[in-house]
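Take the sequence shown: its position 113, counting from 1, is numbered 113 in the numbering used here, and each next residue is one higher.
Cβ atoms here follow ideal geometry from the backbone N, Cα and C, with glycine treated the same way.
Keep in mind it's a predicted model, so treat the numbers as computed, not measured.
Working notes for the structure below.
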Amino acid sequence: MSRTGIEVAFEKMDTYMGPATIVNLRRLEDAGLVKVSRMPYSIRVLLENIVRNYDGYVVRDEDLKAIFKGEHTITLGALRALSRARPCLVVFDAHLDLRDEYLGLRLGHATFMRRLLETSPPPKVIYVGARAFSREEVEAIRRSSITVRWAQDFVSLGPVNVASGIVSELSRCESLYVSVDMDVFDPAYAPGVGNPEPLGLTPMDVLTVINRIVDERLVGADVVEVSPPYDVGGSTSALAAKVVLEIILKHYATASRK
Ligand SMILES: [Mn+2]
1 MSRTGIEVAF EKMDTYMGPA TIVNLRRLED AGLVKVSRMP YSIRVLLENI
51 VRNYDGYVVR DEDLKAIFKG EHTITLGALR ALSRARPCLV VFDAHLDLRD
101 EYLGLRLGHA TFMRRLLETS PPPKVIYVGA RAFSREEVEA IRRSSITVRW
151 AQDFVSLGPV NVASGIVSEL SRCESLYVSV DMDVFDPAYA PGVGNPEPLG
201 LTPMDVLTVI NRIVDERLVG ADVVEVSPPY DVGGSTSALA AKVVLEIILK
251 HYATASRK
């Protein structure tokens with residue numbers, strides 16, 4: 001059986017990881033993440049597997065709960081598994097993923113956030129770097145309590161001010177989940193994604209925000225949508241690995257200060 005894009009992404013990201021992180025990733029592998037991701041799969045089965053095996057992905061001796069890789073729908077599985085913690089969700093993404101249906105699918109990477117909002121009560125959600133949306137999705141935002149930091153805000157306010165706004169919005173959150181869709185970056189920095197969208201964020205924009213919002217409250221995180229067949233010289237995989245490392249290191253630094 002030939003390897004899937006997700007499996008190749010897993011290996012490519014490993015290439016850029018430091019030894020400590022590789023240990024964590026090996027555990028993910030042991031927990032069956034690669035098997036879960038193997039095509040062909042039904043998204044429903046994938047989500048069920050993630051919820052069922054979530055404990056297997058936990059790095060047990062430390063506080064960080066999860067780093068996934070794959071298609072963005074996995075975030076829904078992770079949040080279902082974490083539903084008791086009810087984390088506030090920060091999503092870095094060019095897209096809103098709030099369509100009711102996409103290509104006949106009610107459950108997929110373009111609709112999963114809509115399904116998440118249908119849970120009761122819906123989680124607090126902050127989007128960062130969004131710049132592509134349909135009318136239906138904008139209307140869904142208006143009807144919800146979701147807030148959006150558009151890609152344009154990084155130009156008009158600067159990344160530090162954007163980050164400060166998010167920090168104060170998260171001040172009442174007891175726990176936090178961070179999801180990074182690699183297409184939040186401008187395709188110049190991250191060409192290896194499934195749905196590239198121009199006019200995106202720079203690595204410094206994203207890492208400035210991550211560095212300010214991630215702390216000991218983090219209960220889970222994912223970095224998704226790396227697609228090595230579209231990548232150029234491994235730049236997207238390298239950047240994804242950097243994002244994973246920054247999340248882990250910032251979390252450990254604040255958690256160990258306690
Ligand atoms: Mn996206």
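As for any alpha helix (DSSP H) of minimum length 4 sitting wholly inside the segment 104 to 183, the runs are 112 to 117, 135 to 142, 151 to 156 and 159 to 169, ordered along the chain.
Placement of the Cβ of Ala94 at a distance of less than 7 Å from at least one heavy atom of ligand 1 is found.
In this chain, the beta strand (DSSP E) harbouring Leu218 covers Leu218 to Val224. Taking Pro203 as reference, the option from Glu216, Met182, Ile213 and Leu157 with the minimal CA-CA separation is Met182. Contact annotation, Ala151 with Leu96: C-beta distance approximately 12 Å; criterion of less than 8 Å not satisfied. For Asp205, the CB stays at least 7 Å from every heavy atom of ligand 1. Of all alpha-carbon atoms in Ala241, Glu169, Ala238 and Gly200, the one lying nearest the alpha-carbon of Ile213 is that of Glu169. Ranking Pro159, Lys124, Ser227 and Val223 by CA distance to the CA of Glu174 puts Lys124 first. Exposed is the label assigned to Gly233, since fewer than 16 other Cβ atoms lie within 10 Å of its Cβ. According to the DSSP assignment, Leu89 belongs to no alpha helix (DSSP H) but to the beta strand (DSSP E) extending over Cys88 to Phe92. With a threshold of 16 other beta carbon atoms within 10 Å, Thr119 falls short and is exposed.
Take Gly194, set aside five residues on each side of it, and the residues of its chain with a beta-carbon closer than 7 Å to its own are Glu225 and Ser227, in chain order. In this structure, the straight-line span from the alpha carbon of Ala132 to that of Ala110 is close to 12 Å. Comparing alpha carbon positions, the residue from Val178, Ala188, Pro198 and Val184 closest to Asn211 is Val178. Here His95 carries a strand assignment [DSSP, helix/strand/coil]. It is roughly 28 Å from the alpha-carbon of Ser83 to the alpha-carbon of Lys242. Linking Arg217 to Leu176 through their CA atoms gives a straight-line distance of about 6 Å.
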